[in-house]
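Visitor:
Protein chains: 2
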Amino acid sequence: MNRKSASARDEWAAQIAALDEQPAARKEPITVGRIVDTALRLVETDGYASLTMRRVAAALDTGPASLYAHVRNKAELDDLLIGALGKRVALPAPDAERWRAQFADVCGQLRDEFLRYPGIAQAALSAAPKNLDTLRITEGMLGILLAGGVDPQAAAWTIDAALLYVSAYTVEASLRRHPDGGRDTRVVDRAEALARLRMLPMSRFPHTVEHADKIGAGEGHDRFDFALELLLRGL
Amino acid sequence: MNRKSASARDEWAAQIAALDEQPAARKEPITVGRIVDTALRLVETDGYASLTMRRVAAALDTGPASLYAHVRNKAELDDLLIGALGKRVALPAPDAERWRAQFADVCGQLRDEFLRYPGIAQAALSAAPKNLDTLRITEGMLGILLAGGVDPQAAAWTIDAALLYVSAYTVEASLRRHPDGGRDTRVVDRAEALARLRMLPMSRFPHTVEHADKIGAGEGHDRFDFALELLLRGL
DNA sequence: TCTACTTACGAACGCTGTTCGTGTCAACTG
DNA sequence: CAGTTGACACGAACAGCGTTCGTAAGTAGA
Chain G
424 MNRKSASARD EWAAQIAALD EQPAARKEPI TVGRIVDTAL RLVETDGYAS
474 LTMRRVAAAL DTGPASLYAH VRNKAELDDL LIGALGKRVA LPAPDAERWR
524 AQFADVCGQL RDEFLRYPGI AQAALSAAPK NLDTLRITEG MLGILLAGGV
574 DPQAAAWTID AALLYVSAYT VEASLRRHPD GGRDTRVVDR AEALARLRML
624 PMSRFPHTVE HADKIGAGEG HDRFDFALEL LLRGL
Chain P
424 MNRKSASARD EWAAQIAALD EQPAARKEPI TVGRIVDTAL RLVETDGYAS
474 LTMRRVAAAL DTGPASLYAH VRNKAELDDL LIGALGKRVA LPAPDAERWR
524 AQFADVCGQL RDEFLRYPGI AQAALSAAPK NLDTLRITEG MLGILLAGGV
574 DPQAAAWTID AALLYVSAYT VEASLRRHPD GGRDTRVVDR AEALARLRML
624 PMSRFPHTVE HADKIGAGEG HDRFDFALEL LLRGL
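For the protein sequence lines, the chains are G and P, in the order given.
For the first sequence, position 165 matches number 588 in this note's numbering, and the numbering has no gaps at all.
For the second sequence, position 191 matches number 614 in this note's numbering, and the numbering has no gaps at all.
1) Look at the Cβ atom of HIS634(P), then the Cβ atom of ALA579(G), and state whether they are nearer than 8 angstroms.
2) Quick check on PRO659(G): buried or exposed, where buried means 16 or more other Cβ atoms within 10 Å of its Cβ?
3) Which residues, taken in chain order from the segment 567 to 584 of chain P, show a beta carbon closer than 8 angstroms to some beta carbon of chain G?
4) With a threshold of 6 angstroms on Cβ separation, who are the neighbours of ARG523(P) within its own chain once the five nearest residues in sequence on each side are excluded?
5) Flag PHE649(G) as yes if its beta-carbon sits less than 8 angstroms from any beta-carbon of chain P, otherwise no.
6) Hey, does LEU654(P) have any beta-carbon neighbour from chain G nearer than 8 angstroms?
7) Please confirm if the segment 465 to 480 of chain P is in contact with the segment 534 to 546 of chain P, defined as three or more CB-CB distances below 8 angstroms between the two stretches.
8) DSSP state of ASP636(G), grouped into three classes?
9) Among PHE628(P), THR461(P), LEU483(P), whose alpha-carbon lies nearest the alpha-carbon of ARG559(G)?
10) Please list, in chain order, the chain P residues whose beta carbon lies closer than 7 angstroms to that of ALA462(G).
11) Does the Cβ-Cβ distance between ALA577(P) and LEU658(P) come in under 8 angstroms?
12) For HIS644(G), decide whether its Cβ has a neighbour in chain P, counting only Cβ atoms nearer than 8 angstroms.
13) Classify GLY563(G): buried if its beta carbon has 16 or more other beta carbons within 10 angstroms, exposed otherwise.
14) Would you say ILE560(G) lies against chain P (beta-carbon separation less than 8 angstroms)?
15) Using beta carbons (cut-off 8 angstroms, strictly below), is GLY657(P) in contact with chain G?
16) In terms of residues, what are the limits of the alpha helix (DSSP H) holding PHE628(P)?
17) At the level of alpha carbons, what is the spacing between GLY571(P) and GLU520(P)?
18) Just to confirm before moving on: does the CB-CB distance between TYR592(G) and ARG534(G) stay below 8 angstroms?
19) Are LEU503(G) and VAL573(G) closer than 8 angstroms when you measure CB to CB?
20) Quick one: which residues of the segment 482 to 501 of chain G get their C-beta closer than 7 angstroms to a C-beta of chain P? List them in chain order.
21) Please confirm if TYR592(G) has its CB atom under 8 angstroms from at least one CB of chain P.
22) For the segment 627 to 639 of chain G, which residues have a beta carbon sitting closer than 7 angstroms to at least one beta carbon of chain P?
23) Helix, strand or coil for ASP612(G), going by three-state DSSP, please let me know.
24) With H, G and I counted as helix, E and B as strand and the rest as coil, what does DSSP make of GLU536(G)?
25) Measuring only the C-alpha atoms, how far is LEU483(P) from ASN496(P)?
26) From the DSSP output, in three-state form, read off GLU562(P) for me.
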C-alpha cells in the first residue's frame with residue numbers, strides 16, 4: 424500500500440465519518456468578532472499574560488495561521504480588545520452640577536472593565552490612543568469637564584493623566600492578584616507585607632516604619648478614589 | 424580519523440592558539456553587577472523589548488545558561504534593573520518650605536531615568552514595590568511630604584499615585600518614541616495626529632474636534648508637570 | 001461549467017525563557 | 001605538595017511564542 428492509496432483511504436474514511444455529522448454543521452466561519460470574543464474569554468480566565476495567538480486559535484479549533492487573515496498582528500488584536508472594552512463604558516450626558524462624580528464614574532467603569540480582564544491594561548498602555556473607541560471615551564470625558572467649566576487645555580491634560588493612572592492602577596492590581604503566568608511574583612498578603620515593612624531598620628527608614636500601616640492600607644478602591652479625587656480637586 | 428582523535432586535535436589546536444593570548448587575560452568572571460550593567464546598556468540602545476537573556480549573555484561572550492547562576496529569573500533581572508535605576512535618584516533633605524518642588528523633583532529624576540532606558544518602566548510596573556531601592560525612594564518621598572505637613576495616610580497614597588503615574592507616563596512615552604522591537608506601532612508626528620483628529624465627524628466628536636489642538640499639546644514634559652502639580656495641589 | 005478570488009491552515013522559521021548534565025577551574029585540606 | 005571538594009560556566013535541548021509561506025478548499029461571478 425503506497426502513500427497515495429493510504430491518503431485516499433483516509434479521505435474515504437473521513438467521508439464516511441462525516442456522514443453522521445453532516446447535518447450537525449459545517450464549522451462556523453472565523454470572524455474578527457469571534458476572535459475578539461474568544462480572546463476576551465481567555466483573558467478573563469487565564470490573564471493577559473497567557474493570551475497567545477495559538478491559544479486563541481486552539482479555542483477556535485484551528486491553527487494560528489488562520490487568525491492572520493482577519494487580524495494583522497497580535498498588536499492589532501490587543502487594540503481590538505481594548506476597543507471592545509471601551510465600547511462598554513456608558514457615557515453620561517454632561518451635568519454641570521455633578522461633573523466630578525461623572526468623571527470619576529467613567530474612570531471607575533474603565534477600571535472595573537480592566538480589572539475583570541486581568542493584565543489587559545498592559546495592552547491599553549501600549550495601544551495607540553487614536554483608537555476610535557478610546558476616542559469616544561475621551562470625547563465623553565471632555566464633554567463632562569468642559570460642562571464643569573474646566574479650561575480646555577487643563578481638561579485635555581487631566582483626561583490624559585486620568586487614563587494613564589487608571590491603566591497603571593489596574594496593571595498593578597492585576598499583577599498583584601494574578602499569578603502572571605510564569606513570572607513567580609509571589610503574592611504576599613497584607614499582614615505579611617506590613618510585618619516586612621516593620622522589619623526595616625529605623626535608622627534608615629524612620630517614616631516607613633512609623634507609618635507602615637498606612638502604606639498598604641485601603642479597602643477596595645480607596646487608593647483609586649483618593650488619587651482621582653486629588654486629580655479633580657486640583658482643577 | 425575517529426571523533427576522539429578529532430576532538431583531541433581541536434584541543435591541541437586550541438592550546439597552540441592560546442599560547443599568544445595567555446598573558447592577554449582569562450575571561451573576567453560573570454557577576455550580578457556585570458549582568459546588570461550589560462543589561463542596562465542594552466536597554467539604553469535597543470529598548471526594553473529587545474532585552475533578552477540571550478542578548479545579555481551574548482554581550483558577555485557566553486550562553487544564556489551562564490546567567491542563571493547569578494540571577495534566578497528574567498523577572499529578578501528586571502527587579503535588579505529598576506533597583507539600579509532607583510539607586511541613582513538623589514533624595515533631598517526635606518525642606519518644609521519647598522516640599523512640593525522637592526517631591527516633583529524626585530518624580531522628575533525617576534522619569535528621566537526611566538526615559539533614558541526606553542520601556543524599562545514596564546518592568547517597574549511589574550516589579551514588586553517591596554524592592555529595597557524602591558523603598559528607599561518612597562521613604563524619601565514620605566519624608567518630604569510629612570515635612571510639608573501632609574497627613575500620613577494621604578502622603579502614602581499620594582506617593583503610590585505619583586509612582587504609578589510616573590511609570591505609566593514613561594511607558595507610554597517610550598512606546599510612542601521607540602519602534603518597540605517588533606510591534607508596528609507607527610509613530611505619527613503631532614501634525615499628522617492633529618489632522619486626523621480634525622477629520623472626525625463633528626456630530627459625534629464635537630469637543631474633540633474643537634479642541635484638537637489641545638489634545639496632543641505640550642512641549643517637553645508639560646503634560647507631566649501638569650499632572651504632578653494637580654496631584655500636589657489637591658493635598 | 002470554468003475561472004478568479006477569498007478564506008483556511010499545516011508546516012516551518014527564528015526567536016524566547018529556562019533546565020539539565022557535564023566540564024573546568026580555584027581553593028581548601030591532609 | 002597531592003587530592004578532593006565545591007562553586008562556577010556553559011553546550012544542548014525543550015516547550016512555547018509570533019509570524020510567514022505555499023497550498024488546499026470552498027464560493028461567487030462570467
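The C-beta atom is built at its ideal place from N, Cα and C for all residues, glycine as well.
Guide: On the basis of the supplied data:
1) yes
2) What the structure shows of chain G is the stretch from 424 to 658, and residue 659(G) is not part of that stretch, so it cannot be assessed.
3) LEU569, PRO575, GLN576, ALA577, ALA578, ALA579, TRP580, THR581, ASP583, ALA584
4) For ARG523(P), same chain residues with a beta-carbon under 6 angstroms away, outside a window of 5 residues either side, are LEU655 in chain order.
5) yes
6) yes
7) yes
8) Helix, per DSSP.
9) PHE628(P)
10) Under the 7 angstroms cutoff, chain P gives no residues; its nearest Cβ is about 17 angstroms from ALA462(G).
11) yes
12) HIS644(G) does not count as touching chain P.
13) buried
14) Among the residues facing chain P, ILE560(G) is not included, as its CB has no counterpart in that chain under 8 angstroms away.
15) yes
16) It is not in any alpha helix (DSSP H) - PHE628(P) carries neither H nor E in the DSSP assignment.
17) 7 angstroms
18) yes
19) The answer is no: Cβ separation not under 8 angstroms.
20) Result list: ASN496, ALA498.
21) At least one chain P Cβ lies under 8 angstroms of TYR592(G).
22) PHE628, HIS630, THR631, HIS634, LYS637, ILE638
23) coil
24) helix
25) Taking the straight line from one Cα to the other gives about 17 angstroms.
26) helix
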